[in-house]
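Student:
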Amino acid sequence: MQIIVNTCLRFNEGIVMIQKPRRGWWYLPGGKVDAGETWLEAAVREVREETGLIVGNVTLAGIYLVRTQTSPGVFEDVRTIVQFATEDISGEMNVHSREGKLEVVSLQQLEKLPMNEGDRWMVKNTLATGFESQVVHFGKFSYTAAEELLDWAIHPGI
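To get my numbering, take the position in the sequence shown, counting from 1, and add 29.
In structure tokens form, the structure reads like this:
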């Protein structure tokens, strides 16, 4: 199972997001965990590589199982998304990112951006809980092969 990390960065009255060129969808900075890395190390590295920003006081916000159909009723593409959050940011944000268009997005814009609907729910839960909360959300999302959300559930942890 592939593990992906991302980080919700509260920065300049919004959150940092990247519009990737393949579909034009918006994502939080993040990526795959490299061999020998902890989830936190991967999240900090991905933020630095993709945005130029340095983060501290990073908290775990959610752990989500994501399943995508490879054929009707068959879910062979399974990955875990581990979401972190922080407001403790230093450095200057890159003007350009090798991953796509980098921008600080307002909370109002978040509702209208073209993005994966499960990702939108994950981000909204992190924002609603707060960046210094000790609540970790757990969830499960299922998608069609065309990445249309079939069903989902998010539960706050203990």
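Glycine included, every Cβ here is placed at the ideal spot set by N, Cα and C.
1. Starting from the Cα of residue 98, find the closest Cα among 107, 92, 90 and give me that residue.
2. Under 8 Å: do the segment 83-93 and the segment 154-167 share three or more Cβ pairs, one atom per stretch?
3. Which ranges does the beta strand (DSSP E) cover as unbroken runs of at least 3 residues, wholly within the segment 98-161, from first to last along the chain?
4. Measure the alpha-carbon distance for residue 85 versus residue 60 and round it to whole angstroms.
5. So does the segment 70-86 actually touch the segment 49-56, counting three or more Cβ pairs closer than 8 Å?
6. Work out the CA separation of residue 176 and residue 168 for me, nearest whole Å.
7. Tell me, to the nearest whole angstrom, how far the beta carbon of residue 131 is from that of residue 47; I am working on the premise that it is less than 8 Å.
8. How many Å lie between residue 152 and residue 40 at the Cα?
9. Identify every residue that forms a DSSP beta bridge with residue 61.
Tutor: On the basis of the coordinates in this document:
1. Translated into positions along the sequence shown, residue 98 becomes position 69. If we check each option's Cα against that of residue 98, 107 comes out closest.
2. Because the criterion of three Cβ pairs below 8 Å is met, the segment 83-93 and the segment 154-167 touch.
3. Whole beta strand (DSSP E) segments, 3+ residues: 106-115, 117-119, 130-134.
4. The residue you call residue 85 lines up with position 56 of the sequence shown. The residue you call residue 60 lines up with position 31 of the sequence shown. Going by C-alpha positions, residue 85 is about 18 Å away from residue 60.
5. Three or more beta-carbon pairs separated by less than 8 Å are not found between the segment 70-86 and the segment 49-56, which leaves the two stretches without contact.
6. As a first step, residue 168 must be located in the sequence shown, where it is residue number 139. As a first step, residue 176 must be located in the sequence shown, where it is residue number 147. Approximately 17 Å between the Cα atoms of the pair.
7. Taking the sequence shown and counting its residues from 1, the one referred to as residue 131 is at position 102. Taking the sequence shown and counting its residues from 1, the one referred to as residue 47 is at position 18. About 5 Å separates the two Cβ atoms, so the contact holds.
8. As a working mapping, residue 152 is identified with position 123 in the sequence shown. As a working mapping, residue 40 is identified with position 11 in the sequence shown. Those two C-alpha atoms are separated by around 14 Å.
9. Here residue 61 refers to the residue found at position 32 of the sequence shown. In DSSP, residue 61 forms a bridge with 33.
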